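**Q** Starting off with a structure, shown below.
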Amino acid sequence: MKLRGAVFKVVGVTQSVIGALAVIFAYLLYFDYFDLQNLLNISGDLPLYLLVLILFGLFSIISGFCFICEK
């Protein structure tokens, strides 16, 4: 049972980190740091990409915390 708990914690932390990185990437994309909008050629569809990244990030963070708190 301790192995199962450790696996849940590792998966939860990994999933939370991936979600946080998605939200950070959406932030960087919105404020156009490093000229990412021109580099990725996404000027017109920006709100859609931001919505998808933020939703994916938030759901990943919430799911990761649920994995961490799993007993």
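Here the sequence shown is numbered in our numbering, starting from 6 and rising by one per residue.
The beta-carbon is built from N, C-alpha and C at its ideal position, and this holds for glycine as well.
Small disclaimer: the values here were computed from a predicted structure and weren't measured.
Could you tell me how far apart the beta carbons of Ala27 and Ser65 are, in whole angstroms, since I believe they sit closer than 8 Å?
**A** At roughly 7 Å, the Cβ-Cβ gap stays under 8 Å, so Ala27 and Ser65 are in contact.
**Q** Spatial neighbours of Phe39 within its chain, please: C-beta separation below 8 Å, excluding the five flanking residues on both sides.
**A** The answer, listed in chain order, is Leu33.
**Q** What are the boundary residues of the alpha helix (DSSP H) that Ser68 is part of?
**A** Counting along the chain, the alpha helix (DSSP H) containing Ser68 begins and ends at Leu51 to Cys74.
**Q** Please state whether DSSP places Asp40 in a helix, a strand or coil.
**A** It is helical.
**Q** Does the distance from the C-beta atom of Ala31 to that of Ile59 stay below 8 Å?
**A** Closer than 8 Å, so yes.
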